[in-house]
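Student:
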Amino acid sequence: MELSTALLLGLVLLVFLWWNKLSRPKGFPPGPPALPVLGNMLQMDFTNLLKDLQEFSKVYGPVFSIYLGFTPAVVVRGIKDLKEVLVNKGIDSADRPQNRLIKAISGARGLVLATYGRAWKEHRRFTLSTLRNFGLGKKSMEERIREESSYLIQELKNNKDTLYDPHFVIDNAVSNIICSIVFGKRYGYDDTTFRDILNLVHEHMKMATSIWAQLYNAFGFVKHLPLPHQKIFKNLKIIFAFLGNVLEEHKKNRVPGQPRDYIDCYLDELDKEKEDSNQSTFDAENLFTCMVDLFVAGTETTSSSLEWCLLYMMLHPDIQEKCREEIHRIRGDRDHLDYEDRMMMPYTQAVLQEVQRCASIVPLGVTHSSIKDIQLNGYTIPKGTMIIPDLSSVHYDESQWKYPHEFNPENFLNKEGELVKVDSFLPFSAGPRSCLGENLARMEIFLFFTAMLTHFEFQWPDQKSPPDLTPVFGITQAPKRFKMRLVPHT
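The opening position of the sequence shown corresponds to residue 44 in the numbering used here, with each subsequent residue numbered one higher.
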């Protein structure tokens, strides 16, 4: 009897300790009651978190907290508080949480998931400079994208008499741009090995936000169980092996001091650092992680954006035709548009931005972490707390948009038809940790989109059943796979 009593008291004490660990400290943002051990994970649908976060916000306000297992996280919604935490307090919130999955992916290195500090600053500065050296913002980058567009258009022409799934060719075309910059190579659209790698990247982006990934982050022992999260590590192993082979092959043909691409520039930097007595943040591990970051981030978001563009154009053929008319008017008798032509094309720009608003490609951005205690909306966010910026919340805010719940380019146009800047448009986040590749992505989306509309009319094959716009939720929101009819336009 005494043993039973002791066990019962021990269990009660254990539950109390669990509950106490999940109790919100004074001044911490409120949120839904958390269960012992699991926190709020059973109260959320990880196949699409956005609806649950919206419902929590209705009860607890634009700044509230949730528990992912034992880990507290503060969710920030709405333009006022997002701008405050991402921009005004951008440095204070510029760190990244280092959970188990992030450590497995990047080890706190690289460009996207690296902790805030000297190494990240130097690598971001180096990468932006290198991208500019290889043409970002210049005609040479436009020429690179136009050349890839010609391959894309030809592939589409080869399939004009079929119901065609554009996913692979768009994915490949977009990825070829970042591949050509990072390791000086493009891949043919019939390269099945490269296609398989891109498929694994998309699968990884989906699984990284799944309940299985959250369970692994919360409970390390889960790693050893035969659960679906094992697929994450299997995929990473294959992707890392592919990029590792690319790097090793690249090194064999390298001529020091004559950089062909990002890898060569980084290796030249390593050579310089060998002669410098100061401790360097540049090393082989950071090079590889930067390769991974640029390859994944430079493919997933832009290719998804272009697929969403096609879906919305088929759903709104009148808008598609207005874009085509503007394209032809500005292009004239030239065989292509220049990126600077966008300044005379407010309607097409408005359409592209409206696609990004409605699709909200990266709905929760990338999680942040506070470097110091932060005061936000009357609450205290302690140092080291995970911060989840719900960027999608501003894209459908009824107080910010003329037509928040419908696809309408007039959300970005004034009465005179001029393009207007809208503060509540945050497709690339904001502040110090905003998307490094924003300018490249904008250039690719504009040039690929206008090239496709120049040559084709895109039609939905089943007029009785419109396109399904329900996204595939993950770190990014990709459209479901679809087939379309290509009608050559002369």
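For glycine and all other residues, C-beta sits at the position ideal for the given N, C-alpha and C. Please read these numbers as outputs of a predicted model, since none were measured by experiment.
Based on the DSSP secondary-structure assignment, which residues constitute the bridge partners of D138?
Tutor: S412
Student: What are the boundary residues of the beta strand (DSSP E) that includes T556?
Tutor: Residue 556 lies beyond the residue range present for the chain, which begins at 44 and ends at 533; the question has no answer from this structure.
Student: Tell me where the beta strand (DSSP E) around I404 begins and ends.
Tutor: Note, I404: premise wrong, no beta strand (DSSP E); not H, not E.
Student: Around the Cβ of I404, are there at least 16 other Cβ atoms within 10 angstroms (buried) or fewer (exposed)?
Tutor: buried
Student: Throw me the rounded Cβ distance for the P425 and V119 pair, which I believe falls under 8 Å.
Tutor: Rounded, the Cβ-Cβ distance is 15 Å, inconsistent with contact.
Student: If you compare alpha carbons, which of G153, P115 and K94 is closest to D336?
Tutor: G153
Student: In the structure shown, what three-state DSSP assignment does M44 receive?
Tutor: The pLDDT assigned to M44 is 47, lower than 50, so where the model puts this residue is not dependable; a value taken from the coordinates is nonetheless given after this. If DSSP states are grouped into helix, strand and coil, M44 belongs with coil.
Student: Give every residue of the same chain whose Cβ lies closer than 7 Å to the Cβ of W351, excluding the five residues on either side of it in the sequence, and list them in chain order.
Tutor: V398, A402 and P522
Student: Below 8 Å on the Cβ atoms is my contact criterion, and I expect L354 with F525 to pass it. Report the Cβ-Cβ distance as a whole number of Å.
Tutor: 7 Å
Student: Using the three-state DSSP reduction, which class does L111 fall into: helix, strand or coil?
Tutor: It is a strand residue.
Student: What are the partner residues of E500, as DSSP defines its beta bridges?
Tutor: V530
Student: Can you find at least 3 beta carbon pairs, one from the stretch 464-480 and one from the stretch 496-515, that sit closer than 8 Å?
Tutor: no
Student: Under 8 Å, with one C-beta from each stretch per pair, do the stretch 329-348 and the stretch 216-225 reach the 3-pair mark?
Tutor: yes
Student: Can you round the beta-carbon distance between H272 and L258 to whole angstroms, since I take them to be within the 8 Å contact cut?
Tutor: 7 Å
Student: Among all the DSSP beta bridges, which residues are the ones paired with L258?
Tutor: Looking at the DSSP assignment, L258 forms no beta bridge with any residue, so it has no partner.
Student: In chain order, what residues of the same chain have a beta carbon less than 6 Å from the beta carbon of S149, not counting five sequence neighbours either side?
Tutor: Non-local C-beta neighbours of S149 in its own chain, meaning closer than 6 Å and more than five positions away in sequence, comprise L156 and T332, ordered along the chain.
Student: Between S172, V437, I306 and G408, which lies nearest to V289 when the distance is taken from Cα to Cα?
Tutor: Ranking S172, V437, I306 and G408 by Cα distance to V289 puts I306 first.
Student: Could you pull out every residue in the same chain whose Cβ sits closer than 8 Å to the Cβ of D95, ignoring the five residues on either side in sequence?
Tutor: Cβ neighbours of D95 within its own chain (closer than 8 Å, five residues either side excluded): Q86, M87 and D88.
Student: In whole angstroms, what separates the C-alpha of K64 from that of P452?
Tutor: The pLDDT assigned to K64 is 49, lower than 50, so where the model puts this residue is not dependable; a value taken from the coordinates is nonetheless given after this. Between K64 and P452, the C-alpha separation is close to 48 Å.
Student: Below 7 Å, is the gap between the Cβ of L337 and the nearest heavy atom of the ligand PLP?
Tutor: Among the components of this structure there are no ligands whatsoever, and the ligand PLP is therefore not found.
Student: Just to confirm, are F468 and R400 a CB contact at a threshold of 8 Å?
Tutor: Their beta carbons are under 8 Å apart, which means F468 touches R400 by this criterion.
Student: Short check: CB of D440 to CB of G121, under 8 Å?
Tutor: The Cβ-Cβ distance between D440 and G121 falls below 8 Å.
Student: Quick one: give me the first and last residue of the alpha helix (DSSP H) that I518 is part of.
Tutor: No alpha helix (DSSP H) contains I518, which DSSP labels as neither H nor E.
Student: Which one or two residues does DSSP pair with V155 in a beta bridge?
Tutor: The partner list for V155 (beta bridge, DSSP) is empty, contrary to what the question assumes.
Student: Excluding five sequence neighbours on each side, which residues of the same chain lie with their C-beta closer than 6 Å to the C-beta of T384?
Tutor: Contrary to the premise, residue 384 reads as Asp rather than Thr in this sequence. Excluding sequence neighbours, D384 sits near I373.
Student: Contact between the stretch 127-139 and the stretch 406-426 is defined here as three or more beta-carbon pairs at a separation below 8 Å; is this criterion met?
Tutor: yes
Student: Taking three-plus beta-carbon pairs below 8 Å as touching, is the stretch 484-500 in contact with the stretch 191-209?
Tutor: yes
Student: Classify D378 as buried or exposed, calling it buried when 16 or more other Cβ atoms lie within 10 Å of its own Cβ.
Tutor: With fewer than 16 other Cβ atoms inside 10 Å of its own Cβ, D378 counts as exposed.
Student: Assign D124 to buried or exposed, taking buried as 16 or more other Cβ atoms, counted over all protein chains shown, within 10 Å of its Cβ.
Tutor: buried
Student: Name the DSSP beta bridge partners of L419, please?
Tutor: Y422
Student: With DSSP collapsed to three states, give me the class of L490.
Tutor: Note: L490 maps to helix in three-state DSSP.
Student: According to DSSP, is G70 part of a helix, a strand, or is it coil?
Tutor: coil
Student: May I ask which residues mark the beginning and end of the alpha helix (DSSP H) holding M357?
Tutor: A327 to L358 is the extent of the alpha helix (DSSP H) around M357.
Student: Using DSSP with H/G/I as helix, E/B as strand and the rest coil, what is A116?
Tutor: strand
Student: Do H532 and N329 have their beta-carbon atoms positioned less than 8 Å apart in this structure?
Tutor: no
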